[in-house]
Ligand code: G3P
């Protein structure tokens with residue numbers, strides 16, 4: 563299972579990388595707006611820090627402009643993944659970029675059949691948004707099970723990249739279902755370490771070690 567950091571915050575990306583947890587990075591226009599900075603500089607910097615795929619999203623919604631943006635973004639680094647929306651224009655851009663050997667992440671996926679279209683267009687990744695489905699009273703993880711099952715049925719190579727992850731339960735369920743990738747806000751990745759019994763057990767070991775009067779160094 564691969565962990566991508568869902569952020570454009572350079573310090574947070576470095577921190578997750580130093581922990582050995584960084585398999586890739588995803589960004590989107592909202593994250594770029596939130597963290598500030600120049601899009602091209604940020605994406606180029608992230609591509610240097612992270613060896614794995616780094617998603618940079620197009621901003622246009624029409625095919626011609628999106629295609630030009632996609633080609634420009636694709637030229638930024640070897641590990642760049644062009645992120646396009648799951649629209650008719652986005653799928654067309656996906657097909658063309660993928661045909662030229664560019665990695666493409668098709669985002670804003672909310673239904674199993676949208677995911678099938680992304681796979682047929684040659685997407686490297688499809689990004690179903692689980693948290694946003696939960697927000698409207700639907701079951702985001704059910705979408706992940708459906709996509710994984712359909713992709714398995716037909717042997718599609720597109721990787722299921724679980725997005726809009728809000729908590730560690732989303733990560734656990736993604737792992738149980740067998741999703742390829744989860745992209746998570748860095749604070750959610752860091753919460754995976756935490757267990758009260760780990761903290762309690764460590765406190766006891768520290769106290770007991772003091773009683774031995776020994777030093778390992
Ligand atoms: O990268 C897209 C996705 O992860 C967005 O998440 O929390 O804005 O729904 P969210």
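Numbering (our numbering), first residue to last: 563 to 779. The C-beta atom is built at its ideal place from N, Cα and C for all residues, glycine as well. As the structure is a computational prediction, the values presented were derived from the model and not from experiment.
Does residue 732 pass the burial test, meaning 16 or more other C-beta atoms within 10 Å, or should it be called exposed? Residue numbering aside, residue 732 sits at position 170 when the chain shown is read from its first letter. Per the 10 Å Cβ criterion, buried.
If we call anything under 8 Å between Cβ atoms a contact, is residue 629 one with residue 655? Stepping through the chain shown from its first residue, residue 629 is reached at position 67. Stepping through the chain shown from its first residue, residue 655 is reached at position 93. Yes, they are a contact pair.
Within the structure, which residues are defined as neighbours of ligand 1 by a Cβ-heavy atom distance below 5 Å, reported in chain order? 568, 588, 590, 693, 694, 725 and 726
Which residues bound the beta strand (DSSP E) around residue 656? Locating residue 656 in the chain shown gives position 94, where the first residue counts as 1. Note, residue 656: premise wrong, no beta strand (DSSP E); alpha helix (DSSP H) at 650-661.
Cβ-Cβ separation, residue 638 to residue 618 (assumed contact under 8 Å), whole Å: Counting from one through the chain shown, the residue named residue 618 turns up at place 56. Counting from one through the chain shown, the residue named residue 638 turns up at place 76. Contact flag correct, Cβ pair sits at about 7 Å.
Simplified DSSP state of residue 645, which is helix, strand or coil: Walking along the chain shown from the start, residue 645 turns up at place 83. Strand at residue 645.
Tell whether a beta-carbon distance below 8 Å holds between residue 652 and residue 644. Locating residue 652 in the chain shown gives position 90, counting from the first residue. Locating residue 644 in the chain shown gives position 82, counting from the first residue. The answer is no: Cβ separation not under 8 Å.
For residue 702, which residues in the same chain have their Cβ closer than 8 Å to its Cβ, ignoring the five residues on either side in sequence? In the chain shown, residue 702 corresponds to position 140, counting from 1. If we look at residue 702 and ignore the five residues flanking it on each side, its Cβ neighbours are 690, 691, 692, 693, 694, 695, 696, 726 and 732.
Could you work out which residue in 673, 772, 590 and 642 is closest to residue 659 when comparing CA atoms only? Start at 1 with the first residue of the chain shown, and residue 659 comes out as number 97. Measuring from the Cα of residue 659, the nearest candidate turns out to be 642.
Taking 8 Å as the threshold, find out whether the segment 753-761 comes into contact with the segment 713-724 through three or more Cβ pairs. no
Kindly list the residues whose CB is nearer than 6 Å to the CB of residue 568, restricted to its own chain and excluding five residues on each side of it in sequence; keep chain order. On the chain shown, residue 568 is found 6 positions in, with the first residue counted as 1. Once the five neighbours on either side are set aside, the close Cβ partners of residue 568 are 588, 745, 746 and 747.
With DSSP run on the structure shown, which of helix, strand or coil describes residue 672? As a position in the chain shown, residue 672 is number 110, starting the count at 1. Residue 672 falls in the coil class under three-state DSSP.
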